[in-house]
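Q: Following this message is one structure expressed as structure tokens.
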């Protein structure tokens, strides 16, 4: 790669290999087991996608080795969820992080009307299941020529392979990306399959990245829809998944990694061309800086002159100093892991204590410092953080929300480095005044990071001192609990450290005014905004938050730890009243019934 800033070239808009789709209405009429592709084709149920068709690409984890859904449970969830959304009985909510940072896109009545007449791409129905050999690789469409080397190594190629390799085209051609992630056991392994296991799969990640890197990702098109239950449908932006490249995901066959790599490389190159055509220089150079990391390639060793040319700063430092881009020389060095370049830039007047402006399209949602980028984006290259700290970068820097850099750490090593450089583990800066451990819980950091913060003296039940007023780590852990594979381990760690499971949020100042305004608004309006409801209800306990965000596993754990399901927030609502899904209510009922039975048993024994 390298700097290839040009406005030439175009990205194909129509799949070269037929994209077979089925009408939503026909899908809703189907019984189980679902017929496979060949049967649907023979029955006239499949149609060729075209520009007049509103397409929904469905990504899901297979629940069997030979069949995607042996019991029909997963597809039944999709049918029920589609019926509920079309009928308006299930409100499609937006994730609060995207809303907080200004993306308030929601599903409108017009969108629901489109959904009723839409078409689905679903692998079992849309991809040939009978493997028919393709004679020669040279017979493939031009769009697949970039995968030639990988395909030739795979030996005998089939029509199924050709359709699978066309998935990037199918995703980018579709109007909606839908992740089907209900909580269900795998038919063969018994593994619990859910939202977390879905995005741990290499192919699912690859499909997600196809969506994130598509041209439509920059337009006003609908974001990703996540269906986790018949009554739980959300619009989400994958904020915490940008550091989960497909090649690090789980695959059934190791040979698939080479195919995933080839597809991802093609996607990145196409995205860079698109950003160049759109004149989005900051996003272009940010992605260029992450290129090796996203593909799992070794870090390039560059001289200073090579670095400047590669990232489009000209041939010398004089021209680099004239650059007024947000992603300047220091930012490029940090993001790309070029730690040896950082001192050379610093010697020539480039600061290590700058703030970047938010860049929503690459998921930089707030004004981050270079130290934030070092621990959040370039954590695989520890020398980056070491170098910045040696050059007196501020270990107590915060973003514009007040989130401390310690909360962004993805490794125990980086926590230790920052604390050794006098980072305050209990720093609370305006306007949010949030502890690093709470931020780490919100950002789904691994258990070893939480453990190290506790070992370094982090408060776990901090006294209220204003700000957002929601300091409890367990409450912040609830926000992305369904997407956090370590949520139960971290929650148990906090509970073992004697966290108060019934502590409530007490906001003040601006945040208290926001709470009251949200409550008043809901008195007169029926808002579908998750953020408005969150502000109105956030004086609840961690259990209330877990109920609100629909994490049945965390709800069960907190109830086991004696969280009170009847404690009211300042709006008068209990955690039970905040439950968003029927499944969460069932978990609460089962746990309360179990507790009642235990008390009855103890009373009988005492008598």
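Numbering (my numbering), first residue to last: 829 to 1435. Glycine is no exception: its CB is placed at the ideal position from the N, C-alpha and C atoms.
By Cβ distance below 8 Å, which residues in the same chain neighbour residue 947 in space, the five residues on each side in sequence not counted?
A: Cβ neighbours of residue 947 beyond the five flanking positions: 849, 850, 851, 852, 875, 877, 881, 882, 883, 884.
Q: Under three-state DSSP, which class holds residue 890?
A: Note: residue 890 maps to coil in three-state DSSP.
Q: Hey, how far is the Cα of residue 1300 from the Cα of residue 1410?
A: For residue 1300 and residue 1410, the distance between alpha carbons rounds to 26 Å.
Q: Along the chain, where does the beta strand (DSSP E) containing residue 1006 start, and where does it finish?
A: Residues 1004-1008.
Q: Can you tell me whether DSSP reads residue 1202 as helix, strand or coil?
A: It is helical.
Q: Should residue 1017 go down as buried or exposed, given a rule of 16 or more other Cβ atoms within 10 Å for buried?
A: Answer is exposed; the Cβ neighbour count stays below 16.
Q: Rounded to whole angstroms, what is the Cα-Cα separation between residue 1117 and residue 1161?
A: In a straight line, the C-alpha of residue 1117 is about 8 Å away from that of residue 1161.
Q: Which runs of the alpha helix (DSSP H) at least 4 residues long sit entirely within the segment 1089-1120? Give them in chain order.
A: As far as the segment 1089-1120 is concerned, its whole alpha helix (DSSP H) runs of at least 4 residues are 1109-1117.
Q: As a quick exercise: from 894, 1003, 1368, 1356, pick the residue whose alpha carbon is nearest that of residue 917.
A: Of the candidates 894, 1003, 1368, 1356, the one whose C-alpha sits nearest the C-alpha of residue 917 is 1356.
Q: Just mark residue 1291 as buried or exposed, buried being the case when its beta carbon has 16 or more other beta carbons within 10 Å.
A: Classification of residue 1291: exposed, given that the 10 Å Cβ count is below 16.
Q: Enumerate, from N- to C-terminal direction, the unbroken alpha helix (DSSP H) stretches of 4 or more residues contained entirely within the segment 1150-1180.
A: Counting only runs of 4 or more, we get 1157-1164, 1169-1175.
Q: Would you mind reading off the limits of the alpha helix (DSSP H) that contains residue 1025?
A: Residues 1023-1028.
Q: Less than 8 Å between the CB atoms is what I'm expecting for residue 1315 and residue 1281, so what's the real figure, rounded?
A: So it is not a contact: roughly 16 Å between Cβ atoms.
Q: With distances taken between CB atoms, is the gap from residue 1130 to residue 1115 smaller than 8 Å?
A: Not closer than 8 Å, so no.
Q: Quick check on the burial criterion: 16 or more other C-beta atoms within 10 angstroms. Buried or exposed for residue 1353?
A: Exposed is the call here.
Q: Taking contact to mean at least 3 C-beta pairs separated by less than 8 Å, is the segment 989-1005 in contact with the segment 941-958?
A: They touch, by the three-pair rule.
Q: Between the C-alpha atoms of residue 1142 and residue 1151, what's the straight-line distance to the nearest angstrom?
A: If you take the alpha carbons of residue 1142 and residue 1151, they lie about 9 Å apart.
Q: Which runs of the alpha helix (DSSP H) fall wholly inside the segment 1281-1324 and span at least 4 residues, in chain order?
A: Listed in chain order, the complete alpha helix (DSSP H) runs (minimum 4 residues) inside the segment 1281-1324 are 1301-1307, 1315-1324.
Q: Among 1305, 1338, 1019, 862, whose alpha-carbon lies nearest the alpha-carbon of residue 1259?
A: That would be 1338, whose Cα lies nearest to the Cα of residue 1259.
Q: Just how far apart, CA to CA, sit residue 1037 and residue 953?
A: Cα to Cα, residue 1037 sits roughly 22 Å from residue 953.
Q: Given a cut-off of 8 Å, decide if residue 1267 and residue 1232 are closer than it, judged by their beta-carbon atoms.
A: Taking 8 Å as the Cβ cut-off, residue 1232 and residue 1267 qualify as a contacting pair.
Q: Kindly list the residues whose CB is nearer than 6 Å to the CB of residue 837, restricted to its own chain and excluding five residues on each side of it in sequence; keep chain order.
A: For residue 837, the pLDDT reaches just 38, beneath the cut-off of 50, and the residue's location in the model is therefore unreliable, although a value from the coordinates is still provided. Answer for residue 837: 1101, listed in chain order.
Q: How about residue 1179 and residue 1186: do their beta carbons lie closer than 8 Å?
A: The answer is no: Cβ separation not under 8 Å.
Q: Is the segment 1028-1043 touching the segment 894-907 in the sense that three or more CB pairs, one from each, lie closer than 8 Å?
A: No: the two stretches stay apart, fewer than three of their Cβ pairs being nearer than 8 Å.
Q: Relative to the C-alpha of residue 1406, which residue among 1385, 1367, 1153, 1074 is closest?
A: The candidate whose alpha carbon is nearest that of residue 1406 is 1367.
Q: Measure how close the beta-carbons of residue 955 and residue 865 come, nearest whole angstrom, since I'm counting them as under 8 Å.
A: So it is a contact: roughly 6 Å between Cβ atoms.
Q: Below 6 Å CB to CB, which residues in the same chain sit around residue 1084 once its five sequence neighbours on both sides are set aside?
A: Nothing listed; no residue qualifies.
Q: What does the alpha-carbon distance come out to for the pair residue 1174 and residue 1219?
A: In a straight line, the C-alpha of residue 1174 is about 8 Å away from that of residue 1219.
Q: When the distance is taken between beta carbons, is residue 1028 closer than 8 Å to residue 959?
A: Contact flag unset, no.
Q: In whole angstroms, give me the CA-to-CA distance for residue 1449 and residue 1335.
A: Given a span of 829 to 1435 for the chain in the structure shown, any question on residue 1449 remains unanswerable.
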